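Q: Could you have a look at this structure, given as structure tokens, before my questions?
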Amino acid sequence: MCIGGAQTGIMGRIRLSDLNEPQKKAVTTTEGPLLILAGAGTGKTRVITYRVAYLIERGIDPANILAVTFTNKAATEMRERLRKMVQKEAAAKVTMSTFHSLCVRILRSGISRLGYKSNFTIYDESDQLGLIKKIITRTAAKDEKLDPNLAKALISKAKNSGVATSPNDEESLLNAVSNRYHTALKTANAVDFDDLLTLAVQLLNDHPEVRQRWQSKFRYIMVDEFQDTNRLQLDLVRLLADKRRNVAVVGDDDQSIYGWRGAEISNILEFERHFANPTVVKLEENYRSTHAILSTANSLIRHNPRRRDKKLWTSKPGGKTIRLIETPNDREEAQFVTEEIARRNADESEPWESFAVLFRMNAQSRVLEENLRRLHIPYRIIGGKSFFDRREIKDLVAYMTILVNPNADASLLRVINTPARGISDRTIELALRQSVHHHTSVWHALRSSELTNELSSRTATSIETFVQLIERYRAQIAEPRGDAAAIVGRLIEEIDYASELRRSCKSIEEATERDGNIRDMLRDLAQFGSRSIKGLAGFLDEIVLDQEREEEEQQDDKRGVTLITMHAAKGLEFRNVYLIGLEEGLLPHERSKAEGSIDEERRLLYVGITRARQNLTLTYCRDRMKYGSVSACQPSMFIKELAPECVERIDLRKLLSTPVIESTAKNRFAQLKAAING
DNA sequence: AGGTGAGCATTTTTT
DNA sequence: ATGCTCACCT
0 MCIGGAQTGI
10 MGRIRLSDLN
20 EPQKKAVTTT
30 EGPLLILAGA
40 GTGKTRVITY
50 RVAYLIERGI
60 DPANILAVTF
70 TNKAATEMRE
80 RLRKMVQKEA
90 AAKVTMSTFH
100 SLCVRILRSG
110 ISRLGYKSNF
120 TIYDESDQLG
130 LIKKIITRTA
140 AKDEKLDPNL
150 AKALISKAKN
160 SGVATSPNDE
170 ESLLNAVSNR
180 YHTALKTANA
190 VDFDDLLTLA
200 VQLLNDHPEV
210 RQRWQSKFRY
220 IMVDEFQDTN
230 RLQLDLVRLL
240 ADKRRNVAVV
250 GDDDQSIYGW
260 RGAEISNILE
270 FERHFANPTV
280 VKLEENYRST
290 HAILSTANSL
300 IRHNPRRRDK
310 KLWTSKPGGK
320 TIRLIETPND
330 REEAQFVTEE
340 IARRNADESE
350 PWESFAVLFR
360 MNAQSRVLEE
370 NLRRLHIPYR
380 IIGGKSFFDR
390 REIKDLVAYM
400 TILVNPNADA
410 SLLRVINTPA
420 RGISDRTIEL
430 ALRQSVHHHT
440 SVWHALRSSE
450 LTNELSSRTA
460 TSIETFVQLI
470 ERYRAQIAEP
480 RGDAAAIVGR
490 LIEEIDYASE
500 LRRSCKSIEE
510 ATERDGNIRD
520 MLRDLAQFGS
530 RSIKGLAGFL
540 DEIVLDQERE
550 EEEQQDDKRG
560 VTLITMHAAK
570 GLEFRNVYLI
580 GLEEGLLPHE
590 RSKAEGSIDE
600 ERRLLYVGIT
610 RARQNLTLTY
620 CRDRMKYGSV
630 SACQPSMFIK
640 ELAPECVERI
650 DLRKLLSTPV
660 IESTAKNRFA
670 QLKAAING
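Just so it is clear: in the first sequence, position 223 is 222 by numbering that gives the first Met the number 0, and no numbers are missing.
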């Protein structure tokens, strides 16, 4: 089977004997549509990387292979694992990217056909929201109201469902806002996250020569987490794979938990409709959890209608039963969980990192945090505000953006008077009005005499100075082989952003920290410059599409107990898992009940359960603090769906009264035994 | 231009 | 309880 290993870039490290039978089939089925139903913990990533390596071994040019994921984290992990299996050069040629960065790549080379310039700017969600807010204030009549967040969600939903937004549809405020929003984006030569997909699909669909080019580039396509794809993502895959139909998708309908943001579970449930006569492989052997955990998970998910039949199993025997614990209220729930973690860390030497507490809502983490701090237990909360939400980073990114594309209104407006340079809100509003009136960008308006004629000479001078500043640095950035990091560094020096920070921060420590963030970002830019030729624009693409990266900081620190939502926990695993708040109204969440998406809530719990390797504890409360007042709770409807033989209901009183000595004694015994056996 | 208080809603989150 | 927005005030 090892045909010409050396020249195809293989290192002879692929041992198919490492795989079980279904995995082997998934890896070696290279031609035609392939649906890999990969249950939780069944070695999904392994199969994908082996499959890519196998393709390369079979002589496929790595440059013809595309593997698409949802997150940069997943793409990076996959790339790293592939690097260990094939030669570095071969691994580097494989395209492993997120849907969004793939679309950026496609659009950067062809978007001119759609009337955008190829240096378009990508607006992130806050840019998007800011723009929508501005538009609403200028569009809404006195008695009209529209929640910007709602508008944003609806606009996004319309785009993602693939419905072409028809202009002048009806005279609703939302429609007016939506239309103006799209116009504003186009004027700014900007696209939002949804546009990346919409426009890429449009480009491939309407321009056969472009489509053909990408079709012959990507001859073998793999899609990870296929159950999370939305309509546009499916369209994209179809367009790319249309000719050769070498599409392998990997996913698990039982882990589809993102329906609320547009994921179409039908993409995987009805895969045959999109790609006729696929090979279907089921990965059901689980290498993660105990039998008890898997049985519990299976018993729950069985209650969902409309699913691909499958059942996780393990060759490992037994495992401890799942504990179900009722507590009087959420405070005691948190107290019980944290104190038990402390005890098991002390008695059983379970490292803090082996514990995770999973919950439905972020608000639930608060009580936990208080308790963990009280007991001096190290912990990390996954989720929360990202690096990119920080004011100073947003300012810096905005400055960098207008150096690449000064027509990016959202960025320009952010920094036009930061630091204060004598351009007032009134002036900005005037510039904005003119730009809308003439269908140009704000940048353009700033430079027109029509604006400056309306202003005092002092304001006009302020604007002129700002325009000059930006132009000067734009010119430097535009120079080939310029050092972007140095140029941007000089810019923030010249505008004396450090003083701005000192002025606006409450403490000098805060100012220093924020300044440190700026420096970190500039350091990243310098690093990017040394590994890529794509310049500042490329750097901006990378950071706007990877807002989650921040791992480095946390890695060195001991990470501690993990507090995480069940959504964010997908794909992770822990030896010891506590699933808290299993109550009606929380899980399933009230809103989901109202919307009729109980099935998805059930899958969410399923995802939570299958995170556990060894020990799983479920808890619920009789009372819970909600919105500042205590309300009574009912146990989740899902509890009675769990296999009773696997679940042990435990009285909290009894558990708490268990003498500490007993557990310690048991532990001593275990240690003694281990010492003898070892 | 920036700070303060009333009013209000309150799931999940990546790109 | 809390955090966010918006209107109004210094």
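Glycine included, every Cβ here is placed at the ideal spot set by N, Cα and C.
None of these values were measured; they are calculated from a predicted model.
For lysine 242 versus asparagine 63, is the C-beta spacing smaller than 8 Å?
A: no
Q: If you draw a straight line from the alpha carbon of serine 364 to that of arginine 330, how long is it in whole angstroms?
A: 11 Å
Q: Rounded to the nearest angstrom, what separates lysine 72 and threonine 464 at their Cα positions?
A: 42 Å
Q: If the criterion is Cβ atoms closer than 8 Å, does the pair threonine 48 and glutamate 332 meet it?
A: no
Q: As an exercise, report each continuous alpha helix (DSSP H) stretch of at least 4 residues that is fully enclosed by the region 179–218, in chain order.
A: 192–205, 207–216
Q: Below 8 Å CB to CB, which residues in the same chain sit around lysine 315 once its five sequence neighbours on both sides are set aside?
A: Thr289, His290
Q: Under a three-way DSSP split, which group does glutamine 226 fall into?
A: helix
Q: For serine 504, which of helix, strand or coil comes out of DSSP?
A: The residue asked about is misnamed: residue 504 is cysteine in this sequence, not serine. Looking at cysteine 504 - three-state DSSP - the assignment turns out to be coil, as it is neither helix nor strand.
Q: Taking threonine 27 as the reference, which of Ala152, Tyr219, Trp213 has the closest Cα?
A: Ranking Ala152, Tyr219, Trp213 by Cα distance to threonine 27 puts Tyr219 first.
Q: Enumerate, from N- to C-terminal direction, the unbroken beta strand (DSSP E) stretches of 3 or more residues contained entirely within the region 548–633.
A: 560–564, 573–578, 611–625, 628–631
Q: For the 8 Å Cβ check, are there 3 or more pairs between the region 115–123 and the region 85–97?
A: no
Q: Residues in the same chain with beta-carbon distance under 8 Å from alanine 275, minus the five sequence neighbours each way, listed in chain order, please.
A: Pro32
Q: Mind listing, in chain order, the continuous alpha helix (DSSP H) runs of no fewer than 4 residues lying wholly within the region 66–117?
A: 71–82, 87–92, 98–109
Q: Per DSSP, leucine 412 forms a beta bridge with which residues?
A: According to DSSP, leucine 412 shares a beta bridge with no other residue.
Q: Less than 8 Å between the CB atoms is what I'm expecting for isoleucine 469 and proline 405, so what's the real figure, rounded?
A: 6 Å
Q: Kindly identify the DSSP beta-bridge partner or partners of asparagine 328.
A: Its beta-bridge partners are Asp622.
Q: Identify every run of the alpha helix (DSSP H) within the region 291–340, keeping only runs that are complete inside it and at least 4 residues long; order them along the chain.
A: none
Q: Would you give the residue range spanned by the alpha helix (DSSP H) that tyrosine 472 belongs to?
A: Here the alpha helix (DSSP H) through tyrosine 472 covers 456–477.
Q: Straight-line CA distance for tyrosine 496 to glycine 534?
A: Straight through space, the alpha carbons of glycine 534 and tyrosine 496 are spaced by roughly 23 Å.
Q: What is the rounded straight-line gap between the Cα of isoleucine 422 and the Cα of glycine 109?
A: A direct Cα-Cα distance of roughly 37 Å separates isoleucine 422 from glycine 109.
Q: In chain order, what residues of the same chain have a beta carbon less than 8 Å from the beta carbon of leucine 454, not counting five sequence neighbours either side?
A: Thr426, Leu429, Ile462
Q: Per DSSP, leucine 544 forms a beta bridge with which residues?
A: Beta-bridge partners of leucine 544 (DSSP): none assigned.
Q: Quick one: what does DSSP say threonine 41 is sitting in, helix, strand or coil?
A: Here DSSP, grouped into helix, strand and coil, assigns threonine 41 to coil.
Q: Would you check if the region 321–328 and the region 531–546 touch, i.e. whether three or more CB-CB distances between them fall below 8 Å?
A: no
Q: Does the region 604–615 come close enough to the region 570–583 to have 3 or more Cβ pairs within less than 8 Å?
A: Cβ pair count under 8 Å is three or more, so yes.
Q: Give, in chain order, every unbroken run of the alpha helix (DSSP H) that is at least 4 residues long and sits entirely within the region 334–389.
A: Runs of the alpha helix (DSSP H) inside the region 334–389: 364–373.
Q: Could you give the C-beta distance for valine 200 and aspartate 234, rounded to a whole number, given that I count them as a contact under 8 Å?
A: 5 Å
Q: Would the beta-carbon of alanine 74 fall within 8 Å of that of valine 46?
A: no
Q: Do isoleucine 105 and leucine 202 have their C-beta atoms within less than 8 Å of each other?
A: yes
Q: What's the call for arginine 471, buried or exposed, on a 16-neighbour Cβ count within 10 Å?
A: Burial state of arginine 471 is exposed, judged by a 10 Å Cβ sphere holding fewer than 16 other Cβ atoms.
Q: Less than 8 Å between the C-beta atoms of proline 36 and arginine 307, yes or no?
A: The amino acid at residue 36 is misidentified as proline; the sequence shows leucine. Yes, the Cβ-Cβ distance between leucine 36 and arginine 307 is below 8 Å.
Q: If we count the other Cβ atoms within 10 Å of its Cβ and call it buried at 16 or more, is valine 93 buried or exposed?
A: By the neighbour-count rule (16 or more Cβ atoms within 10 Å), valine 93 is buried.
Q: Please classify alanine 474 as buried or exposed, where buried requires at least 16 other C-beta atoms within 10 Å of its C-beta.
A: exposed
Q: Could you tell me the boundaries of the beta strand (DSSP E) in which alanine 62 lies?
A: From DSSP, alanine 62 is part of no beta strand (DSSP E); its letter is neither H nor E.
Q: With DSSP run on the structure shown, which of helix, strand or coil describes glutamate 391?
A: Of the three classes helix, strand and coil, the one that applies to glutamate 391 here is helix, per DSSP.
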